[in-house]
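Chemist: Per the working numbering, the sequence shown starts with residue 1, numbered consecutively.
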Amino acid sequence: MNPSIMILNVLKKILSSKTIQLSLEEENIIRNSLMQRGGVSVEELFELKNKTAVLNNKDDIWNVEYIASKLKAFNIGVVKYFDEIASTQGISMKLASERQSGYSLVIAGRQFRGRGRYGRLWFSDYGGLWFSIGFSKPNKTGLRPALSLATGLGVVKGIEATLLLRLGLKWPNDIVWNRRKVGGILIESLVSEESTVFTVGIGLNVNNPIEKLPQNVGKIATSISRIVGHQIPRVPLLLNIVSNTIISIEKYFTSPGRIVEEWKEYDVLYGRRVSVELYPGKIVKGVEKGVSRGGELLLEDNTGKIVRVAMGEIIDFYGT
Ligand code: BTN
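Written out as structure tokens, the structure reads:
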């Protein structure tokens, strides 16, 4: 059998059955394949004992030294964990402002005033992944919409690398599965004469109970544990998401065109009719035609003309 198909089959079995018996060959294959997947070793996802693989559920061990050591290669200089915090965004912005180079990572067990887009509250109970990556860039780089596309791409690639689960992206920055929201991204920036400080906030429903969300949010949300049918070890997932996100952000600053091309592969609404709310009361409709190099959404209107949308929210989509 083709080794990559074999790897996939074995990983799928472990992820769905929690415990499986392995041949020596299979064990080696898993070890090697996960080694290549963002540097997360097999022991972080599974315990391998006497040719048995058991899904690691030693969750919630937020050892910041360990996380920092794993992410050193990705230029993460500082990692902070707070069991409870209002939002990771503020402290992340402060840390990034104090540093000229490199990235910082702030993780929360729970946020009691988590922030979403448009000033919304982001419900962040224990069990999810709530974190912010901070960094600064010289000059007035400013906030550009494609940075959130780059982040979303890093997040879905990190999830795929860890769990073989391919989620989709919905412009500008929703992580989705079957029309339900699994996660979101909030990017904030502080521009001064010398630099722009960025805070990239990522929120992902992982093991947190969706039924505890307010009804209006819960009915359009889902979590990774619901999708795969069991709890997920969050540390390896976090490591792969952060490393892939940093790779994607770096790529964005050097060659934004490549990000846009890759983003399209995960775009769940390409070719579908959508309605976008530009601001309260102002809605544009059209067929989604991907994104521009600058990260704007491209909509084809009834006359065949392409309309560019820089900011807004897709409130309705058809034809799935
Ligand atoms: C959205 O509205 O879709 C964006 C949600 C972003 C939530 C994350 S959780 C970590 C970080 N801290 C916050 O307060 N918000 C972001």
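Here a beta-carbon is modelled for each residue, glycine too, at the ideal position from N, C-alpha and C.
Kindly list the residues whose CB is nearer than 6 Å to the CB of Trp122, restricted to its own chain and excluding five residues on each side of it in sequence; keep chain order.
Modeler: To locate residue 122, count along the sequence shown from 1; it is residue 122. Gly114, Arg115, Gly116 and Gly203.
Chemist: Is Gly158 near Ile241, with beta carbons less than 9 Å apart?
Modeler: As a position in the sequence shown, residue 158 is number 158, starting the count at 1. As a position in the sequence shown, residue 241 is number 241, starting the count at 1. Contact: yes.
Chemist: Quick check for students: name the residue ranges of the alpha helix (DSSP H) that lie wholly in the segment 165-218, counting only runs of 4 or more.
Modeler: Runs of the alpha helix (DSSP H) inside the segment 165-218: 215-218.
Chemist: With the cut-off set at 9 Å, would you say Lys137 and Thr196 are in Cβ contact?
Modeler: Position 137 of the sequence shown holds residue 137. Position 196 of the sequence shown holds residue 196. For Lys137 and Thr196, yes; Cβs fall inside 9 Å.
Chemist: In whole angstroms, what is the alpha-carbon distance linking Lys264 and Glu300?
Modeler: Numbered from 1 along the sequence shown, position 264 holds the residue referred to as residue 264. Numbered from 1 along the sequence shown, position 300 holds the residue referred to as residue 300. Each residue's Cα considered, the two are about 16 Å apart.
Chemist: One question on the structure: do Gly312 and Lys289 come within less than 9 Å of each other, judged by their Cβ atoms?
Modeler: Translated into positions along the sequence shown, residue 312 becomes position 312. Translated into positions along the sequence shown, residue 289 becomes position 289. Not closer than 9 Å, so no.
Chemist: Going by the CB atoms, is the gap between Val200 and Gly128 shorter than 9 Å?
Modeler: By 1-based counting over the sequence shown, the position of residue 128 is 128. By 1-based counting over the sequence shown, the position of residue 200 is 200. No, Cβ-Cβ distance for Gly128 and Val200 is not below 9 Å.
Chemist: Which partner residues of Ala108 appear in the DSSP bridge assignment?
Modeler: Residue numbering aside, residue 108 sits at position 108 when the sequence shown is read from its first letter. Its beta-bridge partners are Phe82 and Trp130.
Chemist: With burial defined as no fewer than 16 other Cβ atoms inside 10 Å of the residue's Cβ, what is the status of Tyr118: buried or exposed?
Modeler: The residue given as residue 118 occupies position 118 in the sequence shown. Burial call: exposed.
Chemist: What's the C-alpha gap between Glu188 and Ser23?
Modeler: One-based indexing of the sequence shown puts residue 188 at position 188. One-based indexing of the sequence shown puts residue 23 at position 23. Going by the C-alpha atoms only, they are around 49 Å apart.
Chemist: Report buried or exposed for Gly184, applying the criterion of at least 16 other Cβ atoms within 10 angstroms of its Cβ.
Modeler: Counting from 1 along the sequence shown, the entry for residue 184 is found at position 184. Answer is buried; the Cβ neighbour count reaches 16.
Chemist: Go to Lys264, then tell me how far its alpha helix (DSSP H) extends in each direction, as first and last residue.
Modeler: Here residue 264 is taken as the residue at index 264 of the sequence shown, counted from 1. First-last of the alpha helix (DSSP H) with Lys264: Pro256 to Lys264.
Chemist: Do three or more CB pairs link the segment 98-114 to the segment 150-170 at distances below 8 Å?
Modeler: No contact exists between the segment 98-114 and the segment 150-170.
Chemist: Ligand 1 and Phe131: does the residue's C-beta get closer than 8 Å to at least one heavy atom of that ligand?
Modeler: Reading the sequence shown from its first residue, position 131 is the one you call residue 131. Result yes, Cβ under 8 Å from ligand 1.
Chemist: Assuming contact is defined by CB atoms lying nearer than 9 Å, are Val182 and Ala221 in contact in what I supplied?
Modeler: Locating residue 182 in the sequence shown gives position 182, counting from the first residue. Locating residue 221 in the sequence shown gives position 221, counting from the first residue. Yes. Within cutoff.
Chemist: With DSSP as the reference, please indicate the residues paired to Asp316 in a beta bridge.
Modeler: Translated into positions along the sequence shown, residue 316 becomes position 316. DSSP lists Ser275 as partners of Asp316.
Chemist: Is any heavy atom of ligand 1 found at a distance shorter than 8 Å from the C-beta of Trp122?
Modeler: Working through the sequence shown from its first residue, we reach residue 122 at position 122. Answer for Trp122: yes, Cβ within range of ligand 1.
Chemist: Is the CB of Val155 under 9 Å away from at least one CB in chain C?
Modeler: The chain labelled as chain C is not found in the depicted structure, where only one protein chain is given.
Chemist: Assign Asn207 to one of two classes, buried (16 or more other C-beta atoms within 10 Å of its C-beta) or exposed (fewer than that).
Modeler: Position 207 of the sequence shown, counting from 1, holds the residue named residue 207. Per the 10 Å Cβ criterion, buried.
Chemist: Please state whether DSSP places Ser87 in a helix, a strand or coil.
Modeler: As a working mapping, residue 87 is identified with position 87 in the sequence shown. Reduced to three states, the DSSP call for Ser87 is coil.
Chemist: Distance, Cα to Cα, Ile306 vs Ser97?
Modeler: As a first step, residue 306 must be located in the sequence shown, where it is residue number 306. As a first step, residue 97 must be located in the sequence shown, where it is residue number 97. Going from the Cα of Ile306 to the Cα of Ser97 covers about 39 Å.
Chemist: Give every residue of the same chain whose Cβ lies closer than 6 Å to the Cβ of Asn75, excluding the five residues on either side of it in the sequence, and list them in chain order.
Modeler: Residue mapping note: residue 75 aligns to position 75 of the sequence shown, counting from 1. Excluding positions up to five away in sequence, the list reads Gly102 and Tyr103.
Chemist: Around the C-beta of Glu193, are 16 or more other C-beta atoms found within 10 angstroms, so that it is buried, or is it exposed?
Modeler: As a working note, residue 193 is residue 193 in the sequence shown. Per the 10 Å Cβ criterion, exposed.
Chemist: Count the other C-beta atoms from every protein chain shown that fall within 10 angstroms of the C-beta of Leu239, then say buried if there are 16 or more, exposed otherwise.
Modeler: For the purposes of this step, residue 239 is taken as the residue at position 239 of the sequence shown. Label assigned to Leu239: buried.
Chemist: Taking the alpha-carbon of Gly154 as reference, which of Asn216, Tyr266, Ile107 and Val309 has the nearest alpha-carbon?
Modeler: Taking the first residue of the sequence shown as position 1, residue 154 is located at position 154. Closest option to Gly154, Cα to Cα, is Tyr266.
Chemist: Can you tell me whether Thr320 is buried or exposed, with buried defined as 16 or more other CB within 10 angstroms of its CB?
Modeler: On the sequence shown, residue 320 is found 320 positions in, with the first residue counted as 1. Interpretation of Thr320 is limited by its pLDDT of 40, a score under 50 that renders its predicted location unreliable; the figure taken from the coordinates is listed afterwards. Exposed.
Chemist: Between which two residues does the beta strand (DSSP E) harbouring Ala53 extend?
Modeler: On the sequence shown, residue 53 is found 53 positions in, with the first residue counted as 1. Segment Thr52 to Leu55, the beta strand (DSSP E) holding Ala53.
Chemist: Rounded to the nearest angstrom, how far is the Cβ of Val268 from that of Val191, given a contact under 8 Å?
Modeler: Stepping through the sequence shown from its first residue, residue 268 is reached at position 268. Stepping through the sequence shown from its first residue, residue 191 is reached at position 191. 32 Å between Cβ atoms; not a contact.
Chemist: Strictly by DSSP, which residues pair up with Gly286?
Modeler: Taking the first residue of the sequence shown as 1, we reach residue 286 at position 286. For Gly286, which the question treats as bridged, DSSP gives the partners Val274.
Chemist: Straight-line CA distance for Leu237 to Phe131?
Modeler: In the sequence shown, counting from the first residue as 1, residue 237 sits at position 237. In the sequence shown, counting from the first residue as 1, residue 131 sits at position 131. If I take the Cα positions, the gap works out to 12 Å.
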